[in-house]
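Chains as they are written, first to last, in the working numbering: chain A, -11 to 861; chain B, 5 to 193. Just so it is clear, CB atoms sit at the ideal spot from N, CA and C, and this is done for glycine as well. Remember, predicted model here, so these are calculated numbers, not experimental data.
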């Protein structure tokens, strides 16, 4: 309809309404004239005038209420439920809604599962379910989820269980076909859980892919023991059986897909019902589809009772495995596996045989073809081959060479993928042992982190726990590790005694423990022995390669080793004085053993920091730092720490191309070294690759989440990328964790400036400056915040202070330039930056990404500065 | 709500009523967020039986955002205008999400379970109305605003008149016409 016509329609329509019904017809006739279309149009509209109770007459309150009250029912995020802080909803099923939460008392992650109100209505069934859930949990089996508490909140029942960071088997299935080995691995773990439960007289009744969680390390946890009891699928209590499932569509409480024939028939249920369900799950994992499918529930149930599952069309599945599936899916209970132990045994046997096959290089494809060629004969020849292989393996094992195979099986048993080596506690009176215990901790971290398959938390993260009480489960959740290594050092005369304990952070159980007593003159061998033992317990490949990979890293000289450890002890407590002490110790170490590569790395690391902490001009320190890093590489060109140190000295010397090469080499040699990712992200930002710098900054943070420097670096990366909100969130957490950390407050302040929150920015940067005892950088950030907020007089006062510092060599030109830039005085800013250029201040490249210098970046003088630092455009 | 923020809201409202459309762009997210926050607070409400009204929600949001007790009638009307627009967005989005859930085969179970069947029809109507209303706005901006304010904002004729700076009579006439026009349009689709 064109606009003109519309206006006419509206006019006439409104005029008609003002008239009495009698007068309307004649008015319409007059005003429309010959235009029949117009009259029709008006009439069709008038037809709606007299409708009542159209949807438009009812306010959309109902739907608004639903929007809001649906949340009321379903989302408790943000609320406190007892001592649980509900974080977010992670799932909703027919029976319960599951939230991720934090246990505020024990400071651990938990899952809180709220049963839907309708489920909890029958107190008797509820009681039975709860007692069963508790009973299953009390089995304390690694493949059964642990229930911490059964509680009641405002009349709703909930279960608090361990939080499993992982995916359900259902989600895993939707991601694509599973490898045969993975299928078997999962099935073994479920069978093992069922075996434990069945032996305790507990039947699950609802085994299905939704009820198995897979952790990233491959550990499977079976959920919801007993929950089927209240879902109506419970012939012990009610004879209703399938009828209870035939409710209207949309009120589906459970699924028929994984039911056993006896469940469908509602006859007495035994442990074998779980075996049948596991058989269905196994079939689905292998084929990607259900053995008993149908369009309706009745079709499915009839298939379960009557149909044989179709063959799985997949060539890589050995017959033995198909036989296991088939025995689990027998409709007649007397033909089915009698116990889950039996099924578990067959699965394990199958896995073992398959491992042997793999070890001798036979492929499953070969199996398939031999089966095709001639049934029994092929199988028996295969069996004899296996026997021969076993014999062969026995020989090589004796010879100590079958390491590949040995590790293969260890890995299958569930290798630990992440660990935090906690600072060993020095129980002796000798302060001298303090650096030994710290040093030992650190060397263990370094050597373990060489294993690319193992995530080892970095030093600064674990050392933030030093002196605190060590609760493995708390550490586990805070640092996201599966295991912690705890150690105690004490001394008895000339003997050093070390007790080690490897603890599973999920369960708090000890995985391994050992007490060592060795002569204190033989620390090197002692250390090596401990590293080996730990690596071996972790199933790390490291224990084999370690000596080859870093053979020259260690020294055989106990005195050199002592001095090195002492040097690192001082180096980690960064201050001008401690850095000089560290240099002294490292020098003594190389005096004792001139081929001690790591001690040279220590020297390099100490010198590169001197400008920052002692104000020594970089022109004096960087060449020395570089020379020491190169010396270390002459001794061991595969030493990751040495490459990282060299990279940093090159980077700080503005030797961009070479620095990048070294960074990449260092990362390749040891992908778990947080410091190298950290420096590399700075490098990328300084060379203008802002977006690329986020990844290494994140990686460093992942490896060392509690390091203040690394967290701050991620924060400034976010700011530089314009993600001020992310920076605020991160840095707020960081300052809550460590309120005395100056850098954290300064970065948080910078983020606030970006958000235009000037009052907060001034307050945070001021805090940062005070805590750092007014370090040049922190004071400059405060000055910049003042300038950005338009507080000129205060900002200029800071400049005066900084100028004095500059003369004392405790501030650099860049600091003063930052405040001038904030005030919009670009000429002064450049004047001070040029001073830094003249002294080749190693921090000058920071202007490339520090927010204070943003306003200068379009100025040709800025481009010129970058060019003179050797940066590409 | 900080004093400064509520002053900001008032300022934006004034600017918007003076014809500055950019003010609305800034105002909208504030109101939207507030409505959502309040909805969340309702979520924690103890009395489920409480009859919920959009009007109530919007008026409460006004009190919170535009700074409480000052009885600035004109200002309030402008605010309600923005709130009605925000409410329209919120409700239509919700209705749309329900529609799309219904279409996604796999999610049917969840949808049916999570939401009552009753409101499914209602959400279809809301989506249809929203679309028809957008068509009407092209031809008759004012009439479409009248419907938006009255229907989504739950405003009275007087409030609507104040917000649109027209007479109550005009509001009534626009409403009658727009109502029929929209009902016919929805029925035709």
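- Of all alpha-carbon atoms in A:676, A:797, A:635 and A:641, the one lying nearest the alpha-carbon of residue 666 of chain A is that of A:635.
- Counting C-beta atoms within 10 angstroms of its own C-beta, residue 573 of chain A has 16 or more neighbours from the protein chains shown and is therefore classed as buried.
- At the C-beta level, residue 203 of chain A and residue 154 of chain A come within 8 Å of one another.
- With 16 or more other Cβ atoms inside 10 Å of its own Cβ, residue 92 of chain B counts as buried.
- Distance between residue 809 of chain A and residue 801 of chain A, taken at the CA atoms: about 12 Å.
- Annotated as proximal: residue 731 of chain A and residue 697 of chain A, with beta-carbon spacing under 8 Å.
- If you draw a straight line from the Cα of residue 252 of chain A to the Cα of residue 317 of chain A, it is about 14 Å long.
- Proximity to residue 336 of chain A across A:170, A:410, A:30 and A:94 peaks at A:170, based on C-alpha coordinates.
- The CB of residue 129 of chain B comes closer than 7 Å to the CB of 43 in chain A, given here in chain order.
- In the structure shown, residue 275 of chain A falls within a helical segment according to DSSP collapsed to helix, strand and coil.
- Here residue 780 of chain A is exposed: its Cβ has fewer than 16 other Cβ atoms, across all protein chains shown, within 10 Å.
- Here DSSP, grouped into helix, strand and coil, assigns residue 606 of chain A to helix.
- In the DSSP assignment, residue 209 of chain A falls within the beta strand (DSSP E) that extends over 208 to 210.
- The way I'd put it, the stretch 285 to 294 of chain A doesn't touch the stretch 170 to 182 of chain A; fewer than three beta-carbon pairs between them come closer than 8 Å.
- For a Cβ distance threshold of 8 Å, residue set -6 and -2 of chain A lies close to residue 144 of chain B, ordered along the chain.
- Ranked by Cα distance from residue 20 of chain B, the options B:163, B:82 and B:178 are led by B:82.
- For residue 325 of chain A, there is no enclosing beta strand (DSSP E), as DSSP marks it with neither H nor E.
- For residue 736 of chain A, same chain residues with a beta-carbon under 7 Å away, outside a window of 5 residues either side, are 716, 719, 720, 723 and 752 in chain order.
- Closer than 8 Å to the CB of residue 95 of chain B there is at least one CB belonging to chain A.
- Along the stretch 157 to 176 of chain B, going in chain order, the ones with a CB nearer than 7 Å to a CB of chain A are 158.
- Considering only A:198, A:798, A:299 and A:468, the residue with the shortest C-alpha distance to residue 266 of chain A is A:198.
- With the rule of 3 Cβ pairs closer than 8 Å, the stretch 476 to 485 of chain A does not count as touching the stretch 516 to 523 of chain A.
- For the stretch 1 to 34 of chain A, residues whose beta-carbon sits nearer than 8 Å to a beta-carbon of chain B comprise 1, 2, 5, 32, 33 and 34.
- Residue 39 of chain A reaches chain B at 187, counting residues in chain order whose Cβ is nearer than 8 Å.
- Exclusion of the five residues before and after residue 276 of chain A leaves 161 and 165 as the residues of its chain whose Cβ lies within less than 8 Å of its Cβ.
- Under the Cβ criterion of 8 Å, residue 246 of chain A is not counted among the residues facing chain B.
- Residues of the same chain with a CB within less than 6 Å of the CB of residue 148 of chain B, apart from the 5 flanking positions on each side, are 137, 140 and 141 in chain order.
- Within the same chain, and ignoring the five residues on either side of residue 74 of chain A in sequence, the residues whose Cβ sits closer than 6 Å to its Cβ are 64, 65, 67, 87 and 89.
- Restricting attention to A:36, A:131, A:462 and A:306, the CA atom closest to the CA of residue 91 of chain A is found in A:462.
- Residue-level contact check: residue 183 of chain B touches chain A, since one or more beta carbons of chain A fall below 8 Å from its beta carbon.
- Considering only A:851, A:33, A:18 and A:444, the residue with the shortest C-alpha distance to residue 192 of chain B is A:33.
- Spanning the alpha carbons of residue 544 of chain A and residue 340 of chain A requires a straight line of approximately 42 Å.
- When the beta-carbon positions are compared, residue 129 of chain A and residue 184 of chain A come within less than 8 Å of each other.
- Under the criterion of beta carbons closer than 8 Å, residue 610 of chain A and residue 620 of chain A do not qualify as touching, at roughly 16 Å.
- In the displayed model, residue 170 of chain B falls within coil according to three-state DSSP, outside both helix and strand.
- Between the C-alpha atoms of residue 824 of chain A and residue 832 of chain A there is a straight-line separation of about 7 Å.
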